[in-house]
Every structure is written in C-alpha cells, then in structure tokens.
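S.K.: If you read the protein sequences in the order shown, they are chains V and D. To convert, note that position 99 of the first sequence is 110 in this note's numbering; the numbers rise steadily by one, no gaps. To convert, note that position 11 of the second sequence is 546 in this note's numbering; the numbers rise steadily by one, no gaps.
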Amino acid sequence: MRYYVIIFWVALGSLLIKSIFLCGFSSRRLPRWIMNNLDLIPPAVLAALVAPALVYAKTPQGVEISLPQLFAGAGAFAVALYGKNVFLTILGGMLLLGLFSRLSGLFG
Amino acid sequence: MPCNKNTPSSAPKAPTKGQAFLRGGISVLPILLGVFPFSLVLGFAMKQSALSPLQSASFAASILAGTAQLATVQLYAAATPGVIIVLTALVINLRYAMYGLSMEPLVRGKPIPLRIFYAYIMSDQSYAFTMAEAEEHPERPHITSFFLGASLVIYAFWQGGIALGYLLGSVIPSWLSLHFTIPLVFLSLLIPHLKDGKRRFAAGAAALSALVLVPLLPLQTGLLAAILMGMGGGILYETFAPSARDARNQKEEEKL
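#1: So which of V626(D), S680(D), Q694(D) has the shortest CA-CA distance to G765(D)?
#2: Does DSSP classify I76(V) as helix, strand or coil?
#3: In chain V, which residues lie with their C-beta within 8 Å of the C-beta of M766(D)?
#4: If you run the structure through DSSP and keep just helix, strand and coil, what is A737(D)?
#5: According to DSSP, is A613(D) helix, strand or coil?
#6: For chain D, find out if any of its Cβ atoms is closer than 8 Å to the Cβ of P105(V); answer yes or no.
#7: Please list, in chain order, the chain V residues whose beta carbon lies closer than 9 Å to that of L771(D).
#8: Could you check whether the Cβ of A22(V) sits closer than 8 Å to any Cβ belonging to chain D?
#9: Below 8 Å on C-beta distance, what does R13(V) contact in chain D?
#10: Residues in its own chain within less than 8 Å of I717(D) by CB, not counting five upstream and five downstream?
#11: With the cut-off set at 8 Å, would you say V747(D) and L758(D) are in Cβ contact?
#12: Whose CA, out of C34(V), A22(V), Y15(V), S25(V), lies closest to the CA of G644(D)?
#13: Please list, in chain order, all residues of the same chain as S30(V) whose beta carbon is under 6 Å from its beta carbon, the five residues on each side excluded.
#14: Taking a cut of 8 Å between CB atoms, which residues from the segment 619-636 of chain D lie near chain V?
#15: Return yes when the Cβ of A738(D) is within less than 8 Å of the Cβ of P54(V), no when it is not.
#16: Let me see if you follow: with CB-CB separation under 8 Å, is L60(V) close to chain D or not?
#17: Counting only Cβ pairs nearer than 7 Å, list the residues of chain V close to P572(D).
#18: With which residues is K69(V) paired in a DSSP beta bridge?
#19: Could you say which of H714(D), S637(D), S778(D), K730(D) lies nearest to G84(V) if we only look at CA atoms?
#20: Give a yes or no on whether the minimum CB-CB distance between I697(D) and chain V is below 8 Å.
#21: Report the option in Y14(V), I18(V), R13(V) whose CA atom is closest to the CA atom of A603(D).
#22: Using beta-carbon positions only, say whether Q694(D) and V570(D) come within less than 8 Å of one another.
#23: Check S597(D) in the structure and name its three-state DSSP category.
#24: Between F88(V) and chain D, is the shortest Cβ-Cβ distance under 8 Å, so that the two count as touching?
#25: Let me know the secondary structure DSSP gives V563(D) once reduced to three states.
#26: Have a look at T615(D) and A632(D) and give me their C-alpha separation to the nearest angstrom.
#27: Which residues in chain V sit within 9 Å of Y690(D), going by Cβ to Cβ distance?
#28: Under 8 Å by Cβ, that's how I've got F32(V) and E639(D) pegged, so tell me the actual separation to the nearest angstrom.
#29: Determine, using beta-carbon pairs with one atom in the segment 549-563 of chain D and one in the segment 676-691 of chain D, whether at least three such pairs fall under 8 Å.
#30: Taking 8 Å as the threshold, find out whether the segment 685-693 of chain D comes into contact with the segment 45-63 of chain V through three or more Cβ pairs.
#31: Select from A740(D), L568(D), T551(D), F664(D) the residue whose C-alpha is nearest the C-alpha of P63(V).
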C-alpha cells in the first residue's frame, strides 16, 4: 500500500510539473533568477545520482569505497565523453567493472 | 489514389498531419539506441527491487519520467521514507517545467485536456526533437502531430524496454552486477549538460556533496541535499566568476 501511495504522488506531482507551463501558466509570474537557473537542474541531479553510485559499494558492514567501481566509472566517463552513446557507455563500464573486479580479486 | 513516397517531386508544399506524425516518429528512431537500454535498466531495477509485475506496470504506466522513475525505484528499495522519495523525484522532474515553458507557443490554441496528454507523453527526447524541428522548419505546419509521432514512438519503446528488462531480470545471473548499469546510464545522460562553466561547476559541486552527504545523512536525504548544493554552487559560480557573469548579462540584454 505504501508503494502505491508513493507512486501516486510521484505521478501526480510529475504530471503537474510537466503540464503547468504547457497549459499556459505564464512564466512572468516567476522571479527571473529561477528562470535563469533552471538549466542547472539536470547537471546537478545527474551528478548527485552518479557520484555515490560509482564510488561506493554496499557491503554487509555498511558503505565503503570500491576501487574496481571507481576505475570502471572513470573509464566509463571517458567512453561517455567521447562516445556520446548510452549503449557504448553501459557496455564499456560493465566490461571494465568485470575486468577490475577480477584484478582486485587476484591482488586483494 | 496512393501517392508514391519515393518521388521527391511529389513532396507537397504543405504536409498533412499524417505526414508530420510520420516524420516525427522517424526522426527519433536513431535515439532509440539510447532510450532502449535505459528502459531495460529500469525494468531490471524494478525486478531486482522485488517489485511485483503489477507494481512495476502501474508505475510504468503512471508517468513517463525516466530519471525520476529510476531514482524512485532505487530509493524505494533502500527503504527511504515516502516524503523523501516524492520530493527527490519531483526535484528531478523540475526540468520538465522548463520544457513545457519553451514548448507552450507550439501548442497555443489546443484544448487543455489535450495539452495535459502532451505533457504526459513528453520525454526528454521527443521534446528535444520537436524543438529542433520547430527551429529548423518554422514554416512546416502540424508541429503537434510531429511531436505526437516522436513521443509515441519513444513511449512505445520505453514501455516495451521496461517489460523486457523486467522479464530478463529474472534470468540474468546475479554475478553480473547489473545495479552498476544505473549510474552508467545517468553518466551518459549527464555529459551533454556539461556545456559551460556554470553547469560544470554545478555538476562538480553536486557530485562532491553527494559523496560526502549521501553516506552521512540519514534516510537518503543526502541525495536531495546534494542536488540543492549543486544548484546553489552553480548560482554562486555565475554570480562570482567574471566570465559567466558577462555571459549572463549579455543574455539578459538580448532579452530586453
């Protein structure tokens, strides 16, 4: 039940956000500094989601830094930067993670 | 009489609604290579978070908002309080307000219920392609049909990808650490936004804040805090970095 309550509010709120200006609510009612900074949302959101997920791994003891993930993430960043392709980035990142996990298994 | 599509000379000056719809649908085909893996990952994540098929399908149908959906599933699996999940998802979706704002001139004269439907099926990709079409070919009519075609193709592949990912999620071996695909998707979505110093600084500030705050703050509030820190960082950067300030002043002068 808790799940459905959550997705109800996520869906309703998102639809409201998506449709509010499309339905003609004028932007003039918003302060200019908000309008000028809306383009900050995507990079801030995505970077905040990416960084911890790339660096930390969950272990039974809690959260710790994972070197294989860190290196694979750095490699994937390079692939994303030059490849500009989601599929290549996923493939590269997963291959690198497999490689570095195996290496750390050998030396750790 | 069926017209021959292959003769360029028969291309009419004013395309019909159907043709605009078709062109919209075709225009987004190349981007499906990027959308489809993302939806597969979302399907995997739903399966791995032990959501039931009904729970997954109802969430998939309720809204089209990729990043926020993935974050919601992740946070839900981490037993985050509902208020934090909803707030985080809505902050992530704030960018759609910006999309709606810039697309509003294209839908003028359309009834409100139809506009709400447009909002429902709007995706990052269909928005971007529609705005590009309107920019390059302002003379072409039926831009909303173009938008509809682009959006529905993305929508269909998105939902199909979630279903396929969910089904594959139960057969994929667990040693393949698929949870790692989630940040990889976000990473490739992040790159195109790192266009200027202001946005790069915001991303860097958000990333560093997240690394510190996410393990530190309870109940997954660290993510929300880090997003706000990143946006605040970007605003400060623009206020204090001389080059960014000049760029903004120039932009404002153009508006006046």
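Backbone N, C-alpha and C fix where the C-beta goes; we use that ideal spot for every residue, glycine too.
M.R.: Reading it off the structure:
#1: Position 230 of the second sequence holds residue 765(D). Closest by alpha carbon: V626(D).
#2: Indexing the first sequence from 1 puts residue 76(V) at position 65. DSSP places I76(V) in strand when its eight states are reduced to three.
#3: Taking the first residue of the second sequence as 1, we reach residue 766(D) at position 231. Simply N48, L51, I52, A55.
#4: Position 202 of the second sequence, counted from the start, is the residue given in the question as residue 737(D). Residue state, collapsed to three classes: helix.
#5: Sequence index remark: in the second sequence, residue 613(D) carries index 78 (1-based). DSSP places A613(D) in coil when its eight states are reduced to three.
#6: Position 94 of the first sequence holds residue 105(V). First, the residue type needs correcting, since residue 105(V) is Met and not Pro in the sequence shown. So, interface residue.
#7: Numbered from 1 along the second sequence, position 236 holds the residue referred to as residue 771(D). Those do not exist, as L771(D) stays about 11 Å from chain V at its closest Cβ, beyond 9 Å.
#8: Sequence index remark: in the first sequence, residue 22(V) carries index 11 (1-based). Yes, contact with chain D.
#9: Numbered from 1 along the first sequence, position 2 holds the residue referred to as residue 13(V). Here the neighbours are G617.
#10: In the second sequence, counting from the first residue as 1, residue 717(D) sits at position 182. If we look at I717(D) and ignore the five residues flanking it on each side, its Cβ neighbours are V576, A580, L605, Q609.
#11: Within the second sequence, residue 747(D) is the residue found at index 212, counting from 1. Within the second sequence, residue 758(D) is the residue found at index 223, counting from 1. No.
#12: To locate residue 644(D), count along the second sequence from 1; it is residue 109. Checked all of C34(V), A22(V), Y15(V), S25(V); the closest Cα to G644(D) is C34(V).
#13: Counting from 1 along the first sequence, the entry for residue 30(V) is found at position 19. Excluding residues within five positions, none has a Cβ falling inside 6 Å.
#14: I620, V621, A624, L625, V626, I627, N628, L629, R630, Y631, A632, M633, Y634, G635, L636
#15: To locate residue 54(V), count along the first sequence from 1; it is residue 43. To locate residue 738(D), count along the second sequence from 1; it is residue 203. Result yes, Cβ atoms of P54(V) and A738(D) sit closer than 8 Å.
#16: Stepping through the first sequence from its first residue, residue 60(V) is reached at position 49. So yes, L60(V) belongs to the interface.
#17: Position 37 of the second sequence holds residue 572(D). Ordered by position in chain V, the residues that pass the 7 Å Cβ test against P572(D) are V97, F98, I101.
#18: What you label residue 69(V) is simply residue 58 of the first sequence in a count that begins at 1. K69(V) pairs with V74(V).
#19: Residue 84(V) sits at position 73 when you count from the first residue of the first sequence. Cα-wise, what sits closest to G84(V) is H714(D).
#20: For the purposes of this step, residue 697(D) is identified with residue 162 of the second sequence, where counting begins at 1. Not one chain V Cβ lies under 8 Å of I697(D).
#21: Position 68 of the second sequence, counting from 1, holds the residue named residue 603(D). Of the candidates Y14(V), I18(V), R13(V), the one whose C-alpha sits nearest the C-alpha of A603(D) is I18(V).
#22: Translated into the one-based positions of the second sequence, residue 694(D) becomes position 159. Translated into the one-based positions of the second sequence, residue 570(D) becomes position 35. Against a cut-off of 8 Å, the Cβ pair of V570(D) and Q694(D) comes out as no contact.
#23: Counting from one through the second sequence, the residue named residue 597(D) turns up at place 62. Note: S597(D) maps to helix in three-state DSSP.
#24: As a first step, residue 88(V) must be located in the first sequence, where it is residue number 77. Chain D, which has a Cβ nearer than 8 Å to the Cβ of F88(V), makes this yes.
#25: The residue given as residue 563(D) occupies position 28 in the second sequence. Of the three classes helix, strand and coil, the one that applies to V563(D) here is coil, per DSSP.
#26: Stepping through the second sequence from its first residue, residue 615(D) is reached at position 80. Stepping through the second sequence from its first residue, residue 632(D) is reached at position 97. Straight-line Cα distance between these residues: approximately 26 Å.
#27: Counted from its first residue, the second sequence places residue 690(D) at position 155. Under the 9 Å cutoff, chain V gives no residues; its nearest Cβ is about 13 Å from Y690(D).
#28: Position 21 of the first sequence, counted from the start, is the residue given in the question as residue 32(V). Position 104 of the second sequence, counted from the start, is the residue given in the question as residue 639(D). Contact flag correct, Cβ pair sits at about 6 Å.
#29: yes
#30: no
#31: Here residue 63(V) refers to the residue found at position 52 when the first sequence is read from its first residue. With distances taken between Cα atoms, P63(V) lies closest to A740(D).
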